[in-house]
Amino acid sequence: MQNIGTQIRRGLTSIFSSRASRKQAGRAQDPAGTMETYRNPTEVQMSQLVLLCHTNHRGELSVGQLLKWIDITACLSAERHAGCSCVTASVDDIYFEHTIRTGQVVNIKAKVNRAFNSSMEVGIQVTSEDLCTETQWSVCKALATFVAQRDSSKVKLKQILPLTEEEKVEYSVAAERRRMRLVYTETIRDLLTKSIIQDDLESRDCSRMVPAEKTRVESVELVLPPHANHQGNTFGGQIMAWMENVATIAASRLCPAHPTLKTIEMFQFRGPSKVGDRLVLKAIVNNAFKNSMEVGVCVEAYRPEMESSPRHLNSAFMTFVVLDGDDQPITLPWIQPQGKEGERRYREASARKKMRLDRKYIVSCKQTEVPLSVPWDPSNQVYLSYNNVSSLKMLMARDAWVLTSEINKIKLYTLEDDKFLSFHMEMTVHTDTTQAFLLLSDLGRRPEWDKHYQRVELVQQVDEDDAIYHVISPVLGGAESKPQDFVILASRRKPCDGGHSPGLGPRESGSWESAQVAPVDVSPAGHWREPYVIALRSVTLPTYPEMPEYTRGENLCSGFCLWREGDQQTKVSYYNQATTSFLNYVTTNVAGLSSEFITTCKACEQFLLDNKSELALSLQNL
Ligand code: COA
Ligand code: ADP
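Residue numbers for the sequence shown follow this note's numbering, beginning at 1052 and rising by one.
Shown next, in the form of structure tokens:
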């Protein structure tokens, strides 16, 4: 008889029956660990013993070598899914938490989080292991995008079917990350032109500054067969390693010591490189802050037999620190930029530092670690919008939702974890899904059906899909004597392809209470339906400070997910992660002591039915 684990590995892509999927997900959830551990079919692992030849002068694994291993592992995972060769399109920001020393083992795990059309997001986890002390720690996480190519023509990838809760979260949020990635260059360019940087370049004591010119590096590499795959394409990891090499030399020249690389900003491979290319890598320290410096690197390719101008392959920005004997960062000398270009890069490095910090703390940190209300400003709006949508998608993808009650075909689910009590209400409404999406995403209309939204003012239409509102909410009872006000960011997203194709589907009530089984729902065609999402979270705005007549309320994560159930049938789910100010109201409803949740849902349904055809014109543009 065929071994169960082998079945999962071999057959997952062809097993699109929901029954089979549920069984497998059940194994993934097996709490007693009695069954064979589930393994993602795209997962690839690499373990390497760090030898002297892999390390720098501090006896630490060179990041360039690590990037090569990461790229190969991730590429093999992408190719396992695609069934053809793949190239690295980009690698998102990487934050290195630890260095790795000679004699330790590096473990790299990669798996495809989601396939889009011809591209895939691959998630990579790097841990390090000390064989003597038997300890393990996390080194970094990375996300890379690979594009499948077969004979230079476009490839349509098969979809990923996520089974475990973690896979479902990654799958769902990958769409939002892709959206952010594809506008990354324009976002940064836009933010750089808008940012006003106050610098003290004029007043600084030049005699104590290191001229930036001193740190300039130029180096050439010839791409040989060992640097490329079997089709002659240069490995992305090899190029990243060469970039890290020149950046490290530039950083060492600022203060004669061995620098340590802390972060790498998004690598984007703009065009392919082949065996025989000459790559020219240039690096310089753009700016030095108190304890860290930004080094910029650019790579161009040329071929001597061709007259054309060099091709720009990649530019990246890396942050280095210099550590003392106690591993503490030392104070760095100031840098003196030269010429107009140098001064521009100096200022842009300061702006990038702020954006990097925003990205790190808004995009990468866990939902529960994000401050309740994050200050809204143009430099972090892209990340806050990302955070808003991905938080709701993560909440939706949780496995531990429990059906608490069902009244008048409205289901109430709750989810309890360490920090929050969350709930979601679910009903089916006889209306078109895009219609419902448009109506519910306009918070200005919410007072028409939700008495908790007494007054709503549109503060700022940020872009087509994001808007900030000021909401006045009446006294909810209890000890509160003043009405509340909220400053809410509303971000709406359509599914990647109109909600018909693979996505995260809503859960059927039948499988909810079965704690052993991850609820996985697929359409009869074996496809998951991705929801329309309207995410809401609090932000703070200097123009809307707290006012004496209101208690400032905070909303960490709430919103709607809508699924197309048929031509004129929409499943509407409202999610809310209850904050303490709201808790009493929620628990009263969950315990069945109040029916306000149900009344509000019914009012919402009536609102959607009453306005069924009103937006027909706008729908044509969606
Ligand atoms: N980050 C993530 N994905 C990207 C991307 C980026 N910076 N640029 C393009 N893509 C994705 C697109 O979203 C699209 O995905 P989809 O098919 O799933 O919708 C896919 O790449 C193809 O995009 P398209 O616009 O048709 O192609 P392109 O002309 O922009 O080419 C590359 C994209 C990546 C194929 C091209 O830039 C390239 O060949 N780069 C070099 C790759 C390489 O050789 N890397 C190794 C080191 S040089
Ligand atoms: P930008 O100049 O806008 O930063 P580029 O893609 O031209 O963008 O370059 C990226 C980085 O590469 C620069 O910030 C700089 O640090 C480095 N760089 C570019 N050109 C050179 C060069 N001629 N010499 C040394 N470093 C360079």
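Glycine included, each C-beta is placed from N, C-alpha and C at the ideal position.
Here the structure is a predicted model, which is why all the values come from computation and not from measurement.
Q) So what's residue 1242 in DSSP terms, helix, strand or just coil? A) DSSP places residue 1242 in helix when its eight states are reduced to three.
Q.
In the DSSP assignment, the beta strand (DSSP E) including residue 1338 goes from what residue to what residue?
A. Segment 1329-1339, the beta strand (DSSP E) holding residue 1338.
Q | 8 Å Cβ cutoff met for residue 1601 and residue 1612 | A | At least 8 Å separates the beta-carbon of residue 1601 from that of residue 1612.
**Q.** Short Cβ contact (8 Å threshold) for residue 1298 with residue 1348
**A.** Yes, the pair counts as a contact, with Cβ atoms nearer than the cut-off.
Q: For residue 1245, verify whether its CB is less than 7 Å away from any heavy atom of the ligand ADP.
A: Incorrect: residue 1245 has no Cβ contact closer than 7 Å to the ligand ADP.
(Q) Any contact between the stretch 1489-1498 and the stretch 1516-1524? By contact I mean 3 or more CB pairs, one from each, below 8 Å. (A) At 8 Å Cβ cutoff, the stretches touch.
Q. Does the Cβ of residue 1644 have 16 or more other Cβ atoms within 10 Å, making it buried, or fewer, making it exposed?
A. Exposed.
Q: Return the bridge partner residues of residue 1141 from the DSSP annotation.
A: Bridge partners of residue 1141: 1196 and 1319.
Q) Are the stretch 1330-1340 and the stretch 1267-1278 touching, with three or more C-beta to C-beta distances below 8 Å? A) Yes, the stretch 1330-1340 is in contact with the stretch 1267-1278.
Q: Express the C-alpha separation of residue 1114 and residue 1409 in angstroms, rounding to a whole number.
A: Using only the alpha carbons, I get a separation of about 24 Å.
Q) Buried or exposed: which applies to residue 1650, given that a residue is buried once 16 or more other Cβ atoms fall within 10 Å of its Cβ? A) Under this definition residue 1650 is an exposed residue.
(Q) Strictly by DSSP, which residues pair up with residue 1476? (A) Residue 1476 is bridged by DSSP to 1463 and 1625.
Q: Indicate whether residue 1629 and residue 1474 have their beta-carbon atoms separated by less than 8 Å.
A: The Cβ-Cβ distance between residue 1629 and residue 1474 falls below 8 Å.
Q.
Along the chain, where does the alpha helix (DSSP H) containing residue 1132 start, and where does it finish?
A. Going by DSSP, residue 1132 is part of the alpha helix (DSSP H) stretching over 1114-1133.
Q) In its own chain, which residues sit with a C-beta less than 8 Å from the C-beta of residue 1232, not counting the 5 before and 5 after it? A) So the qualifying residues of the chain are 1141, 1143, 1196 and 1317.
Q.
So the candidates are 1137, 1121 and 1153; which of them puts its Cα closest to the Cα of residue 1105?
A. Closest option to residue 1105, judged by alpha-carbon separation, among 1137, 1121 and 1153: 1153.
Q. So who's on the other strand from residue 1174, going by DSSP bridges?
A. In the DSSP assignment, the residues bridged to residue 1174 are 1162 and 1194.
**Q.** DSSP beta-bridge partners of residue 1370
**A.** Checking the DSSP bridge columns, you'll see residue 1370 partnered with 1314 and 1345.
Q: Just mark residue 1357 as buried or exposed, buried being the case when its beta carbon has 16 or more other beta carbons within 10 Å.
A: The residue in question, residue 1357, is exposed, as its Cβ has fewer than 16 Cβ neighbours within 10 Å.
Q.
Buried or exposed, going by whether 16 or more other CB atoms sit within 10 Å of the CB of residue 1656?
A. Per the 10 Å Cβ criterion, buried.
Q: Tell me, please, which residues DSSP counts as bridged to residue 1522.
A: DSSP output for residue 1522 lists 1507 and 1537 as bridge partner(s).
Q) Under three-state DSSP, which class holds residue 1378? A) Three-state DSSP puts residue 1378 in coil, outside helix and strand.
Q: Answer yes or no: do residue 1261 and residue 1310 have a C-beta to C-beta separation smaller than 8 Å?
A: Contact flag unset, no.
**Q.** Any 3 or more C-beta pairs closer than 8 Å across the stretch 1201-1220 and the stretch 1444-1455
**A.** Yes: at least three Cβ pairs fall under 8 Å.
Q.
Can you tell me whether residue 1362 is helix, strand or coil according to DSSP?
A. It is a strand residue.
(Q) Using a 10 Å radius around the Cβ and a threshold of 16 neighbouring Cβ atoms, would you call residue 1396 buried or exposed? (A) Here residue 1396 is buried: its Cβ has 16 or more other Cβ atoms, across all protein chains shown, within 10 Å.
(Q) For residue 1097, list the residues DSSP reports as bridge partners. (A) According to DSSP, residue 1097 bridges with 1159.
Q: Using only alpha-carbon positions, find the residue among 1184, 1168, 1185 and 1161 that is nearest to residue 1174.
A: The shortest C-alpha separation from residue 1174 is found at 1161.
(Q) My output table needs one value for residue 1089: the three-state DSSP class, helix, strand or coil. (A) In this structure, residue 1089 counts as coil in the three-state DSSP scheme.
Q) Which same chain residues, not among the five before or five after residue 1093, have their C-beta less than 6 Å away from its C-beta? A) Only 1128, 1131, 1132, 1162 and 1163 meet the Cβ criterion.
Q) On the premise that residue 1336 lies in contact with residue 1369, defined as a C-beta separation below 8 Å, what is that separation, rounded to the nearest angstrom? A) Separation of the CB atoms of residue 1369 and residue 1336 is rounded to 10 Å, and the pair is thereby denied contact status at 8 Å.
**Q.** Proximity winner among 1394, 1281 and 1319, relative to residue 1263 (alpha-carbon distances)
**A.** If you compare the alpha carbons of 1394, 1281 and 1319 with that of residue 1263, the shortest gap goes to 1394.
Q | Cβ-based burial, residue 1183 [other Cβ within 10 Å; buried from 16] | A | Exposed, because fewer than 16 other Cβ atoms sit within 10 Å of the Cβ of residue 1183.
Q: Can you have a look at residue 1521 and say buried or exposed, based on whether 16 or more other CB atoms are within 10 angstroms of its CB?
A: By the 10 Å Cβ count, residue 1521 comes out buried.
Q. First and last residue of the alpha helix (DSSP H) that includes residue 1153?
A. Per DSSP, residue 1153 belongs to no alpha helix (DSSP H) and is neither H nor E.
Q: Kindly identify the DSSP beta-bridge partner or partners of residue 1458.
A: 1461.
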